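J.: Have a look at the structure that comes next, please.
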Amino acid sequence: MLEFENRRIVDTSRPPEVPVKLVDDFTPELIDVGAHHLCPGCGEPIAMRLVMEVLAEQELKNRALAVFGIGCYTAFSNNLDCEVVQALHGRAPSVATGAKRADPNLVTFTVQGDGDMVNEGLQEVLHAAARGEQITCVLLNNGVFGETGGHMTATTTIGQRTKNTLEGRNTDDHGHPIRIASLIAELEGAAFVARGAVNNAGNVARTKRMVERAIEVQLLGIGFTFVEILTMCPTGWFVETEEAPAYLDDTIGVANSPGVLRDIAPDSQSSSSTTIS
Amino acid sequence: MTETAVGTATGTPRLMEGSEAIAEAMVVAGCRFFAGYPMTPFTEILESMAEKLPPLGGVCMNAESELEAIGMAWGAAATGTRTATGSTGQGLALMQESLAELTLARIPMLVINMARSQADYFQATRGGHGDSRRIVLAPMDVSEAVELTQLGFHLADLYRNPVMVYGDYYIAHTYESVVVERRDFGPLPAKDWALDGSSGGTGAAKLLSPLGDYKQRDDVGYDLADYYARVEVELTAMETDFAPMAETGFVEDAEVVVVAFGTPGKFVRYCVTELRAEGAKVGFVRPISLYPFPTEVLREAVRTARAVAVYENSAGQMIDDVRLALLGTVPVEFIGGLTMDSSAFGVGPDLQVPIIKQRIVDACRSAGYELGEGF
Ligand SMILES: Cc1ncc(C[n+]2csc(CCOP(=O)(O)OP(=O)(O)O)c2C)c(N)n1
Ligand code: SF4
Ligand SMILES: [Mg+2]
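Protein sequences, first through last, are from chains Y and U. For the first sequence, the working numbering assigns the number 1 to the initial residue and increments by one for each residue that follows. For the second sequence, the working numbering assigns the number 1 to the initial residue and increments by one for each residue that follows.
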């Protein structure tokens, strides 16, 4: 093992001594190729996986339509065995709205990042929620523009270092982050709003239940549904892969605690529009 | 004498405002999804669609901005629904990103640009990033707008590409006696690319993407270089197949040929007809498809001309295409003008028959064509 400034680094200048071999194929039903192109330790493939598992389990694979935004997760838009419309950066909620209104039989969901949804296209998701569009927006929130190389977004937390907030985000220069799920939970058109995370097994399981519920509520046709999923971005955060789950808890996880923020479905366990955050 | 590629409809005429007639034409053409954001003179089309579509089971969306209007249209068109959106000037500028990428995603729709003046020519024919191209049709009056609206949907589906209709303030707000009935422009390919969810789980789920249709399971990632080259082939095929449209008049022996499109094209046609009756050897060319530009028609039309005069209700934009078409073989002079009225809604103070006639006469004189007494 090589070292650099007392840190272990992987030597990538030659093939590894032990060749890679496939131990088992864990690829879920609706993802075509399990070997994704995102960074090791990235949270987005975990989030993507649980969404696709829910669609398969709810037997919706032949009426589902995914609408992708632009970010690292776009690498999944041509890797699903479910119909996909690739939208432009920020535009997925309007595209999903048009598709769902034109063909109400579709189970329509968006896959967007914080840069895509909360920066570039914020008015799209707010208006779609306020109109009560019968779509599910899934936000993969890592607090950075991962794709462009780790820049500050509207959800970057105070103190968090990014490529363009090298000393950490501060309110004087960069203002305050937007807590998007909390904002949407205030809108009458929203039927179900929840925030999960994928930085440990418990959170993954809870988040999957949130996605299940969002899709169930979409099928009830009573309003807009939203699941924010906090995801790791070790590359954009400039932290070691194994440190990323804890770093998530210390940054975006502090300001955005997981929970169901709103559920107005008649069969809801919680009373309407409960806020656990 | 005058040639136009647009046929004439039969049936009972009704007195309708242009905006309503265009909306009616969209509905009879089978349009069932419309999205827009109010902006004069596009607004009345949106109002009319909001009234007409719901009773037919269609959808009209009041989008939160033009960005979302074309986004909603993108999603609806992806399901194979006949879809339209539109705007004018600034609103069309907001749509340019999507408009350009719709070509790459190969999603057809109609975009109605009810321009305030003719200064949307550049953004209509050249707008957007990248190498996208689209057919742009410019009617001169309400009845032609009814025809071209329907033709626009047909061409969009035929070439799987957005088509734009370039209207204006006059067409939007003029009442004309028109016949609106469904036109058949021939067979269209099946929309086997349209999405309804059903291909999911089959191992061959459909994908509509401006990044291409490559799936990772086929051992290829997105390959933009390859995909853009493929789209380029489609666009070139479209341009080869589609015969550019134009109307010409009195060009056989014309000393000066005047070029104008849209409503001003109709004014110019009238002025040239009067000048001919008075003995002046002038002719006109009215481009109907602004893209592809009717280059060949124009070249043919100026064979006897000593000069070409271009009238536009702008500072001069189409004149670039006229010059490119003629490649310096004939001098080209601009006789149009800016939209100067305080509302800036497109009613140029110079759009009057005596003024236009005088400018044509002046253009004749400066080209060395002596008209004699009485002009
Ligand atoms: C209109 C437009 N502006 C900017 C970009 C460049 N861009 C591509 S991805 C991206 C950021 C994506 O961030 P996010 O949605 O948070 O996804 P992540 O990469 O973090 O998963 C940006 C700014 C773009 N594609 N389009
Ligand atoms: S940059 Fe971040 S979000 Fe993008 S693939 Fe790498 S870890 Fe994931
Ligand atoms: Mg991000």
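Glycine included, each C-beta is placed from N, C-alpha and C at the ideal position. If you're wondering where the values come from, they're calculated on a predicted model, not measured in any experiment.
Identify the continuous beta strand (DSSP E) that holds V33(Y) and give its terminal residues.
T.: Premise fails: V33(Y) is in no beta strand (DSSP E) and is neither H nor E.
J.: Sort H129(U), K281(U) and Q118(U) by Cα distance to L94(U) and report the nearest one.
T.: The candidate whose alpha carbon is nearest that of L94(U) is H129(U).
J.: Tell me whether L38(Y), by its Cβ, gets closer than 7 Å to a heavy atom of ligand 2.
T.: Correct: L38(Y) has its Cβ closer than 7 Å to ligand 2.
J.: Taking Cβ positions only, does T97(Y) come closer than 8 Å to chain U?
T.: Yes, T97(Y) lies at the interface with chain U (some Cβ there is under 8 Å from its Cβ).
J.: Examine the Cβ distances between the stretch 133 to 140 of chain Y and the stretch 156 to 171 of chain Y and report whether three or more of them are shorter than 8 Å.
T.: In short, these stretches do not touch, since the Cβ pair count stays below three.
J.: With a cut-off of 8 Å on the beta carbons, I'd call L148(U) and V165(U) a contact; round off their distance for me.
T.: With a Cβ gap of about 6 Å, L148(U) and V165(U) count as contacting.
J.: Consider the C-beta atom of V144(Y) and the heavy atoms of ligand 5; say whether any pair is separated by less than 7 Å.
T.: Looking for ligand 5 in the displayed structure turns up nothing; the ligands present are ligand 1, ligand 2 and ligand 3.
J.: Is there a Cβ from chain Y that is less than 8 Å from the Cβ of F375(U)?
T.: Cβ-Cβ to chain Y under 8 Å: no for F375(U).
J.: Buried or exposed for K357(U), going by 16 or more other Cβ atoms inside 10 Å?
T.: Looking at its Cβ environment, which holds 16 or more other Cβ atoms inside 10 Å, K357(U) is buried.
J.: For Y170(U), which three-state DSSP category applies?
T.: It is helical.
J.: Quick check on N141(Y): does DSSP put it in helix, strand or coil?
T.: If DSSP states are grouped into helix, strand and coil, N141(Y) belongs with the strands.
J.: Name the residue from I31(Y), G34(Y), P16(Y) and L248(Y) whose alpha carbon lies nearest to the alpha carbon of G143(Y).
T.: Measuring from the Cα of G143(Y), the nearest candidate turns out to be L248(Y).
J.: Considering R126(U), what are the terminal residues of the alpha helix (DSSP H) in which it resides?
T.: Counting along the chain, the alpha helix (DSSP H) containing R126(U) begins and ends at Y121 to R126.
J.: So that I know if they touch, is there some Cβ in chain U lying closer than 8 Å to that of E216(Y)?
T.: No, its Cβ sits nowhere closer than 8 Å to a Cβ of chain U.
J.: Between which two residues does the alpha helix (DSSP H) containing A201(Y) stretch?
T.: Looking at the DSSP string, the run of the alpha helix (DSSP H) that includes A201(Y) is A201 to L220.
J.: For G11(U), I'd like the list of residues in its chain whose CB is within less than 7 Å of its CB, leaving aside the five on either flank, ordered along the chain.
T.: Contacts found: V179 and E181.
J.: S114(U) lies in the beta strand (DSSP E); which residues open and close that run?
T.: In the sequence under discussion, the amino acid at residue 114(U) is Met, which differs from the Ser named in the question. From DSSP, the beta strand (DSSP E) with M114(U) extends over L110 to A115.
J.: For a cutoff of 8 Å on Cβ pairs, would you count N119(Y) as touching chain U?
T.: False, the Cβ-Cβ gap to chain U never drops below 8 Å.
J.: Provide the residue span of the alpha helix (DSSP H) that contains Y369(U), from first to last.
T.: Unbroken run through Y369(U): none, as it is neither H nor E.
J.: Any idea which residues DSSP pairs E247(U) with across the strands?
T.: Answer by DSSP bridge pairing, in chain order: R286(U).
J.: Following a CB-centred definition, is G236(Y) positioned closer than 7 Å to any heavy atom of ligand 2?
T.: Because some heavy atom of ligand 2 lies under 7 Å away, the Cβ of G236(Y) counts as near it: yes.
J.: Have a look at E59(Y), N203(Y), E216(Y) and Q160(Y) and flag the residue whose alpha-carbon is nearest the alpha-carbon of G259(Y).
T.: Of the listed residues, the one whose Cα sits closest to G259(Y) is N203(Y).
J.: Pull the bridge partners of V193(Y) from the DSSP assignment, please.
T.: The partner list for V193(Y) (beta bridge, DSSP) reads F226(Y) and R262(Y).
J.: The stretch 148 to 167 of chain Y: which residues have C-beta closer than 9 Å to a C-beta of chain U, in chain order?
T.: Within the stretch 148 to 167 of chain Y, no residue qualifies.
J.: Secondary structure at Q317(U), three-state DSSP: helix, strand or coil?
T.: Here Q317(U) sits in coil by DSSP.
J.: Quick check: is the beta carbon of T274(Y) nearer than 8 Å to any beta carbon in chain U?
T.: Annotation note: pLDDT 44 at T274(Y) (below 50); position unreliable, coordinate value reported separately. Cβ-Cβ to chain U under 8 Å: no for T274(Y).
J.: Can you give me the Cβ contacts of G221(U) inside the same chain, cut-off strictly under 8 Å, excluding the 5 residues immediately before and after it?
T.: Excluding residues within five positions, the ones whose Cβ falls inside 8 Å are Y214.
J.: Measuring alpha carbon to alpha carbon, tell me which residue in G262(U), A63(U), D218(U) and I360(U) is nearest R116(U).
T.: The shortest C-alpha separation from R116(U) is found at G262(U).
J.: Output the residue ranges of the alpha helix (DSSP H) runs that lie fully inside the stretch 132 to 178 of chain U and measure 4 residues or longer, sorted by chain position.
T.: Qualifying alpha helix (DSSP H) stretches, in chain order: 142 to 159 and 169 to 173.
J.: Considering just the uninterrupted stretch of the beta strand (DSSP E) at M61(U), what are its terminal residues?
T.: It spans V59 to N62 - the beta strand (DSSP E) in which M61(U) sits, taken as one unbroken run.
J.: Any C-beta of chain U sitting closer than 8 Å to the C-beta of R49(Y)?
T.: Answer no: the Cβ-Cβ gap between R49(Y) and chain U never drops below 8 Å.
J.: Would you please verify whether the beta carbon of Q90(U) is less than 8 Å from any beta carbon of chain Y?
T.: Cβ-Cβ to chain Y under 8 Å: no for Q90(U).
J.: Mind listing which residues of the stretch 82 to 112 of chain U have their C-beta closer than 9 Å to chain Y's C-betas, in chain order?
T.: Those residues of the stretch 82 to 112 of chain U that come within reach of chain Y (Cβ to Cβ, closer than 9 Å) are T83, E97, S98, E101, A105 and I107.
J.: Any beta-carbon of chain Y closer than 8 Å to the one on Q216(U)?
T.: Chain Y contact via Cβ: present.
J.: Could you tell me the alpha carbon to alpha carbon distance between A344(U) and Q317(U), rounded to whole angstroms?
T.: In this predicted model, A344(U) has a pLDDT of only 48, less than 50, meaning its place in the structure is not dependable; the value taken from the coordinates is given anyway. Taking the straight line from one Cα to the other gives about 17 Å.
J.: By the DSSP assignment, the alpha helix (DSSP H) with F267(U) in it spans what residues?
T.: From DSSP, the alpha helix (DSSP H) with F267(U) extends over G262 to A277.
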